[in-house]
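Here's the structure we're looking at; comments come further down.
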Amino acid sequence: KKKRFLIKPAPGPPRKDRQLPHVLLNEHRNVLAAAHQVNQLPFPFENSQQFERSIQAPVGSTWNTQRAFQQLTAPRIITRPGQIIRPISAEDTNLMHQKDRSTATSRLKPDLELTLPLRQPRPHRIPKKKGR
Numbered sequence: 001k002k003k004r005f006l007i008k009p010a011p012g013p014p015r016k017d018r019q020l021p022h023v024l025l026n027e028h029r030n031v032l033a034a035a036h037q038v039n040q041l042p043f044p045f046e047n048s049q050q051f052e053r054s055i056q057a058p059v060g061s062t063w064n065t066q067r068a069f070q071q072l073t074a075p076r077i078i079t080r081p082g083q084i085i086r087p088i089s090a091e092d093t094n095l096m097h098q099k100d101r102s103t104a105t106s107r108l109k110p111d112l113e114l115t116l117p118l119r120q121p122r123p124h125r126i127p128k129k130k131g132r
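Going by the UniProt record's numbering, the sequence shown runs without a break in its numbering and finishes at 132.
Pasting the structure below:
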């Protein structure tokens with residue numbers, strides 16, 4: 001019988017859990033988790049601490065009361081169907097930046113208050129008679 005020889009491959013990079021006796025770290029990349037990770041800081045946040053603080057607070061109805069959940073998930077601006085939305089002009093953006101600078105230190109009320117219109121009472125309808 002002919003003896004065959006094996007060439008041993010070069011050792012790979014050292015594992016991260018080599019110093020920890022009873023720990024096994026999974027070093028494979030999780031593709032499903034990568035879909036939920038953020039590469040850049042989202043728009044309204046100025047630094048990563050603000051973004052992390054906003055993510056730490058849960059928004060779901062499981063952890064909050066029903067009213068708090070509705071307020072957390074409500075749209076910032078409410079438009080009615082068929083309402084014309086004018087585009088933002090350059091003057092509007094300049095005014096918004098000036099307002100932000102002047103009222104950044106003392107904000108008592110929000111810049112935009114949402115008021116829900118009062119519902120009109122429905123006229124009384126006579127119920128239809130069911131035919132037999």
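Just so you know, even glycine gets a beta-carbon here, dropped at the ideal spot from N, CA and C.
Check: Going by beta-carbon coordinates alone, are D17 and L6 separated by less than 9 Å?; Outcome: no
Check: Alpha carbon to alpha carbon, how far is D92 from A74? Give it in angstroms, no decimals.; Outcome: 24 Å
Check: Taking the alpha helix (DSSP H) that F51 belongs to, which residues open and close that run?; Outcome: S48 to Q56
Check: From A34 to N47, what distance separates their C-alpha atoms?; Outcome: 21 Å
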